[in-house]
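Numbering (the working numbering), first residue to last: 320 to 877.
For every residue, glycine included, the Cβ atom is placed at its ideal position computed from N, Cα and C.
See below for the structure under consideration.
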């Protein structure tokens, strides 16, 4: 209150009219100083200033970081309908508002339309003539300007009004400073909490798509239109591999070419900040016109650049502040470290699985097949000794079944012993590998059926997402379904609702189904993947008696 007290001293010796208004001023100062929310504080300032000076309209213009214009404009007295009719808020680059930015001194005018600095009003703007402008300082620096127009009763703003508003502006600066400090503290806390939550979730071992989790957290913390993760591609550029957005269609798979200056900076581990993606010549992708301000941050851990985290806002949205850029950069570094640690943890778990698969394969080969083979030999001997035709046929059929079983077990042994680098790139083989991997925790081998030439028809981008969807569905099955039978079907001959050709993945089980109120994160991941490609995902009754269990259907364009 020291600054406000000093300001009120200038009121001593002034008119009795002004002296009589001091209680009103003190109440206004008390009102402005209450609360710590910045937006509420600004609304309260303009309303209180209008009441104090008996003005019809009031506004406070917040100067941007470049100190060239306005980053925000909070009004009082202008209705929502008038705002819609007026259109865009003033940017402070011209007119009286711009003049007060570059020459922040109190200004009182009887008719602002006659001032040579006036730039006029847009259509549908309410008429304004009398004007009072006062700078608002926060901790000694100009924060913005307080504007009052249209003195009620048709008169002009008086010298007493100017004195009162100047005192109020001083108190407003104190209140804004407190609110900004509180907002900055809460903002830092929110980003720190988000980093901790991300690291905890990634290291918990229950996240199937870590990059999507990073994108979702970044979007929430940055209050952006989308959270996007890009990874280096084979051509030396970057490709979008994870998206969190209300409308992700057309974003997934977008590539930044290697000759782009943005790609060069990002792959070198440098952050790129863009004021308007739609107009910046460096933004060369087809999705750039959809967005405005954007942060593109390297996911860097030590000397290793894993990829890029982008958080674009909608067109026309406020730009990112210096504090937001710093916090987001720190978050990206923490996210990169968490991804590296999670990757190392998954490698250890994967190694344990491979060791277990090797043990199972040895046991199947050394024990099970040998016993089945010996059993088959005994049955063949019994068949030769039998003289009853029905018995001979029955034993022969049992021997044939044993031969088929031995062949299936040998196929399973081969799949268990196959390393990650040995698999061909065909989609059919990748599907079989995922099924073979899932067979270990399931305790049985899911069946697989392929319809159409899946290897030649399904594109690489759709194929990668289909494999991820299959992995998600099988993971859900062995973690939650308690199933004893799973059937996987890949059909590359379907027609999508829009008439285009597509591929459908179906994973059905006879488990307990999806309980009411249970988690749906896995199903949401499947839906997001499909929608990002222009497809869809759904679930329904499964293979069990009476439709028990779950059937997941995932489809996308070829």
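Closest residue to residue 470 among 544, 479, 695 and 675 (Cα-Cα distance): Your numbering for residue 470 matches position 151 in the chain shown. The candidate whose alpha carbon is nearest that of residue 470 is 479.
Rounded distance between the beta-carbons of residue 811 and residue 772, thought under 8 angstroms: What you label residue 772 is simply residue 453 of the chain shown in a count that begins at 1. What you label residue 811 is simply residue 492 of the chain shown in a count that begins at 1. Their Cβ separation, rounded to whole angstroms, is 7 angstroms, which keeps residue 772 and residue 811 in contact under 8 angstroms.
Residues near residue 856 in its chain [Cβ-Cβ closer than 6 angstroms; skip 5 each side]: The residue given as residue 856 occupies position 537 in the chain shown. The answer, listed in chain order, is 845, 846, 849 and 873.
Closest residue to residue 877 among 534, 717, 555 and 817 (Cα-Cα distance): As a working mapping, residue 877 is identified with position 558 in the chain shown. Comparing Cα-Cα distances from residue 877 to each of 534, 717, 555 and 817, the minimum goes to 817.
Start-end ranges of the alpha helix (DSSP H) lying completely within the segment 624-699, minimum 4 residues: As for any alpha helix (DSSP H) of minimum length 4 sitting wholly inside the segment 624-699, the runs are 641-682, ordered along the chain.
Candidates 546, 777, 833 and 468, of which the one nearest residue 797 by Cα: On the chain shown, residue 797 is found 478 positions in, with the first residue counted as 1. When C-alpha distances from residue 797 are compared across 546, 777, 833 and 468, the shortest belongs to 833.
Nonlocal neighbours in the same chain, by C-beta distance under 7 angstroms from residue 529, ignoring five residues either side: Residue mapping note: residue 529 aligns to position 210 of the chain shown, counting from 1. Around residue 529: 521, 658 and 661.
For residue 368 and residue 376, the rounded distance between their alpha carbons: Numbered from its first residue, the chain shown carries residue 376 at position 57. Numbered from its first residue, the chain shown carries residue 368 at position 49. So the two alpha carbons sit approximately 9 angstroms from each other.
Same chain only: Cβ atoms within 6 angstroms of residue 573, ignoring 5 sequence neighbours per side: On the chain shown, position 254 is the one that residue 573 refers to. Residues 559, 604 and 606 of the same chain have their beta carbon placed closer than 6 angstroms to that of residue 573, with the five preceding and five following residues left out of the count.
Rounded separation between residue 393 and residue 379 - CA only: Along the chain shown, one-based indexing puts residue 393 at 74. Along the chain shown, one-based indexing puts residue 379 at 60. About 5 angstroms.
Length of the line joining the Cα atoms of residue 713 and residue 768: Reading the chain shown from its first residue, position 394 is the one you call residue 713. Reading the chain shown from its first residue, position 449 is the one you call residue 768. Looking at the two C-alpha atoms, the distance is approximately 30 angstroms.
Classification of residue 829 by the beta-carbon crowding that lies within 10 angstroms, buried from 16 upward: Walking along the chain shown from the start, residue 829 turns up at place 510. The residue is buried, with at least 16 neighbouring Cβ atoms inside 10 Å.
Burial state of residue 441, where buried means 16 or more other Cβ atoms lie within 10 Å: Here residue 441 refers to the residue found at position 122 of the chain shown. Counting Cβ neighbours within 10 Å, residue 441 comes out exposed, since fewer than 16 surround it.
First through last residue of the alpha helix (DSSP H) which encompasses residue 432: In the chain shown, counting from the first residue as 1, residue 432 sits at position 113. No residue range can be given for residue 432, since it is assigned to no alpha helix (DSSP H) and is classified by DSSP as neither H nor E.
Contacting residues, own chain, Cβ-Cβ under 6 angstroms from residue 584 (five flanking each side not counted): Walking along the chain shown from the start, residue 584 turns up at place 265. Around residue 584: 591.
Alpha-carbon spacing of residue 594 relative to residue 536, whole angstroms: Start at 1 with the first residue of the chain shown, and residue 594 comes out as number 275. Start at 1 with the first residue of the chain shown, and residue 536 comes out as number 217. Cα to Cα, residue 594 sits roughly 22 angstroms from residue 536.
Closest residue to residue 790 among 803, 814, 825 and 692 (Cα-Cα distance): Position 471 of the chain shown, counted from the start, is the residue given in the question as residue 790. If we check each option's Cα against that of residue 790, 825 comes out closest.
Pick from 403, 617, 566 and 756 that is closest to residue 675, judged by C-alpha positions: Mapped onto the chain shown, residue 675 falls at position 356. Out of 403, 617, 566 and 756, 756 has the C-alpha closest to the C-alpha of residue 675.
Identified DSSP bridge partners for residue 460: Numbered from 1 along the chain shown, position 141 holds the residue referred to as residue 460. When DSSP reads this structure, residue 460 sits in a beta bridge with 457.
Delimiting residues of the beta strand (DSSP E) encompassing residue 551: Here residue 551 refers to the residue found at position 232 of the chain shown. That run of the beta strand (DSSP E) goes 545-551.
contact_flag[the segment 641-660, the segment 502-517] where n(CB pairs < 8 angstroms) is 3 or more: Flag = yes, the segment 641-660 and the segment 502-517 touch.
Contained alpha helix (DSSP H) runs [length at least 4] in the segment 768-802, N- to C-terminal order: Under the rule that a run must span 4 or more residues, the alpha helix (DSSP H) segments found entirely inside the segment 768-802 read 773-776 and 779-795.
Contact check, residue 467 vs residue 476, beta carbons under 8 angstroms: The residue given as residue 467 occupies position 148 in the chain shown. The residue given as residue 476 occupies position 157 in the chain shown. A contact, by the Cβ cut-off of 8 angstroms.
Distance CB(residue 801)-CB(residue 770) smaller than 8 angstroms: For the purposes of this step, residue 801 is taken as the residue at position 482 of the chain shown. For the purposes of this step, residue 770 is taken as the residue at position 451 of the chain shown. Taking 8 angstroms as the Cβ cut-off, residue 801 and residue 770 do not qualify as a contacting pair.
For residue 499, the first and last residue of its enclosing beta strand (DSSP E): Walking along the chain shown from the start, residue 499 turns up at place 180. Counting along the chain, residue 499 sits inside no beta strand (DSSP E); it lies in the alpha helix (DSSP H) bounded by residues 478-522.
Where residue 823 sits in the DSSP three-state scheme: Residue mapping note: residue 823 aligns to position 504 of the chain shown, counting from 1. Reduced to three states, the DSSP call for residue 823 is strand.
Segment contact, 8 angstroms Cβ cut-off, at least three pairs: the segment 490-507 with the segment 563-577: Three or more beta-carbon pairs separated by less than 8 angstroms are not found between the segment 490-507 and the segment 563-577, which leaves the two stretches without contact.
Where the alpha helix (DSSP H) containing residue 539 begins and where it ends: Stepping through the chain shown from its first residue, residue 539 is reached at position 220. For residue 539, the enclosing alpha helix (DSSP H) stretches over residues 529-541.
Nonlocal neighbours in the same chain, by C-beta distance under 6 angstroms from residue 447, ignoring five residues either side: On the chain shown, position 128 is the one that residue 447 refers to. Closer than 6 angstroms at the Cβ level, and outside the excluded window around residue 447, lie 468 and 469.
Residue 611, enclosing beta strand (DSSP E) - first and last residue: Taking the first residue of the chain shown as position 1, residue 611 is located at position 292. That run of the beta strand (DSSP E) goes 610-620.
Check whether residue 851 and residue 568 have beta carbons under 8 angstroms apart: Residue 851 sits at position 532 when you count from the first residue of the chain shown. Residue 568 sits at position 249 when you count from the first residue of the chain shown. Result yes, Cβ atoms of residue 851 and residue 568 sit closer than 8 angstroms.
Whether residue 926 touches residue 557 by CB criterion (8 angstroms): Past the edges of the chain, shown from 320 to 877, lies residue 926, and the structure says nothing about it.
Residues near residue 601 by beta carbon distance below 6 angstroms, same chain, minus five either side: The count along the chain shown starts at 1 and reaches residue 601 at position 282. Cβ within range, chain order: 580 and 581.
Minimum C-alpha distance to residue 640 - residue among 372, 362, 383 and 373: Position 321 of the chain shown, counted from the first residue, corresponds to residue 640. With distances taken between Cα atoms, residue 640 lies closest to 383.
Cβ-Cβ separation, residue 610 to residue 634 (assumed contact under 8 angstroms), whole Å: The sequence position of residue 634 within the chain shown is 315, counting from 1. The sequence position of residue 610 within the chain shown is 291, counting from 1. At roughly 6 angstroms, the Cβ-Cβ gap stays under 8 angstroms, so residue 634 and residue 610 are in contact.
Segment limits, alpha helix (DSSP H) that includes residue 362: As a first step, residue 362 is located in the chain shown; it is residue number 43 there, counting from the start. Where residue 362 is concerned, the enclosing alpha helix (DSSP H) starts and stops at 357-372.
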